[in-house]
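S.K.: For reference, the structure I am asking about is given below.
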Amino acid sequence: MENDEVILLDFWPSMFGMRVRVALAEKEIKYEYKEEDLFTGKSPLLPKMNPVHKKIPVLVHNGKPVCESLVVVEYIDEIWKDKAPLLSSDPYERAQARFWAAYTDKLYDFGTRIWTATKEEFAGGKKDLLDPLKLLEEAALGDKPYFGGESFGFVDVALIGFYTWFYTYETIGNFSIEAECPKLVAWGKRCMQRDRVSKSLADPHKICEVLLEFRKNRGLE
Ligand code: GS8
């Protein structure tokens, strides 16, 4: 384990990549970060390591690739199981966590609809994003500090990258997620107080800046 070679193929604003970065940080695993600049093109390594989807993130552990962010996070949790467990030892709690983590994937398309929308399209997109966020807040988080209860875990890892995009969705869509989902935003702030989490994430303002530039270039602003 000590001499393991761990490489992460990633792209800085990716909420999926952020899941893996956070999981590795929680486990205090040293790794080599390789940026795949998806704005300008992929390196030949990416399709080699992920021939099916050709997407980041890919974790390359001792030369062997593991793909799909949630699969990677589970793999990390299993391999480095002695430190900071992310999934519960209880099978039912594990099943619930996997269910909600998979549910967070939905947010990607709804979020993308906001930053690729024309101003006229925002209204519908806003509700499409807020509805699943409200459901996550009410049905999965409730009054707990973290989704799994008292400690930071699998669903928190799955969702926290999306939290860094909230600022972009709100700025471009001109609405407040905090006004609609106060407990969820309080959860995000709580997670950000963990150094291992906040240091692994992209800067929300930088994400927004890049996306506003994209919109300007496409004539959407
Ligand atoms: C999604 C990864 C993904 O969309 C996962 O790992 O959880 N279900 C996958 N990766 C994007 C970057 S994030 O927007 C990607 O690599 N896109 C490149 C492409 O589509 O060619």
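Count along the sequence shown starting at 1, add 14, and that's the number in my numbering.
A virtual CB, placed ideally from N, CA and C, is assigned to each residue, including glycine.
As the structure is a prediction and not an experimental result, all values here were calculated from the model.
#1: Per DSSP, what are the beta-bridge partners of residue 21 in this structure?
#2: What's the C-alpha gap between residue 8 and residue 77?
#3: Relative to the alpha-carbon of residue 183, which residue among 224, 32, 161, 212 has its alpha-carbon at the smallest distance?
#4: Considering only heavy atoms of the ligand GS8, list every residue whose Cβ is less than 5 Å from one of them, following chain order.
#5: Less than 6 Å between C-beta atoms, sequence neighbours within five positions excluded: which residues of the same chain meet that for residue 142?
#6: Any chance the segment 94-109 sits against the segment 36-46, with 3 or more Cβ pairs inside 8 Å?
#7: Below 8 Å CB to CB, which residues in the same chain sit around residue 67 once its five sequence neighbours on both sides are set aside?
#8: In whole angstroms, give me the CA-to-CA distance for residue 109 and residue 235.
#9: Residues in the same chain with beta-carbon distance under 6 Å from residue 194, minus the five sequence neighbours each way, listed in chain order, please.
#10: Check this for me: beta carbons of residue 87 and residue 171, under 8 Å apart or not?
#11: Smallest Cα separation from residue 112: which of 154, 128, 181, 122?
#12: I want to know whether the segment 51-63 touches the segment 126-141 - three or more CB-CB distances under 8 Å.
#13: Among 126, 158, 105, which residue has its Cα nearest to the Cα of residue 198?
#14: Counting C-beta neighbours from all protein chains within 10 Å, is the total for residue 91 16 or more, i.e. buried, or is it exposed?
#15: Going by C-alpha to C-alpha distance, which of 232, 179, 174 sits closest to residue 34?
#16: Starting from residue 106, trace the alpha helix (DSSP H) both ways and give me its first and last residue.
#17: What three-state label does DSSP hand residue 205 in the structure shown?
#18: Let me make sure I understand the geometry here. Which of 47, 84, 26 has the alpha-carbon closest to that of residue 12?
M.R.: In terms of the structure at hand:
#1: What you label residue 21 is simply residue 7 of the sequence shown in a count that begins at 1. Residue pairing for residue 21: DSSP places it in a beta bridge opposite 46, 74.
#2: There is no way to answer for residue 8, as the model of the chain reaches only from 15 to 235.
#3: Taking the first residue of the sequence shown as position 1, residue 183 is located at position 169. Selection 224, 32, 161, 212 evaluated against residue 183 yields 224 as nearest (Cα-Cα).
#4: Residues close to the ligand GS8 by the beta carbon criterion (under 5 Å to any non-hydrogen atom) are, from first to last along the chain, 28, 30, 69, 70, 82, 83.
#5: Here residue 142 refers to the residue found at position 128 when the sequence shown is read from its first residue. Residues 124 of the same chain have their beta carbon placed closer than 6 Å to that of residue 142, with the five preceding and five following residues left out of the count.
#6: Touching, yes, given that three or more Cβ pairs across the two stretches are closer than 8 Å.
#7: Reading the sequence shown from its first residue, position 53 is the one you call residue 67. Within the same chain, residue 67 has close Cβ partners 81, 82.
#8: Position 95 of the sequence shown, counted from the first residue, corresponds to residue 109. Position 221 of the sequence shown, counted from the first residue, corresponds to residue 235. Rounded to whole angstroms, residue 109 to residue 235 spans 42 Å at the Cα level.
#9: By 1-based counting over the sequence shown, the position of residue 194 is 180. Counting only residues of its own chain and dropping the five nearest sequence neighbours on each side, residue 194 has a CB closer than 6 Å to the CB of 144.
#10: For the purposes of this step, residue 87 is taken as residue 73 along the sequence shown, with counting starting at 1. For the purposes of this step, residue 171 is taken as residue 157 along the sequence shown, with counting starting at 1. Note that the C-beta distance between residue 87 and residue 171 is below 8 Å.
#11: Against the sequence shown, residue 112 aligns to sequence position 98. That would be 154, whose Cα lies nearest to the Cα of residue 112.
#12: Cβ pair count under 8 Å is below three, so no.
#13: Reading the sequence shown from its first residue, position 184 is the one you call residue 198. Of the candidates 126, 158, 105, the one whose C-alpha sits nearest the C-alpha of residue 198 is 158.
#14: Taking the first residue of the sequence shown as 1, we reach residue 91 at position 77. Counting Cβ neighbours within 10 Å, residue 91 comes out buried, since at least 16 surround it.
#15: Position 20 of the sequence shown, counted from the start, is the residue given in the question as residue 34. Checking every option, the nearest Cα to that of residue 34 belongs to 174.
#16: Position 92 of the sequence shown, counted from the start, is the residue given in the question as residue 106. Unbroken alpha helix (DSSP H) run through residue 106: 105-118.
#17: Position 191 of the sequence shown, counted from the first residue, corresponds to residue 205. Helix.
#18: Only positions 15 to 235 of the chain appear in this structure, which leaves residue 12 out of reach.
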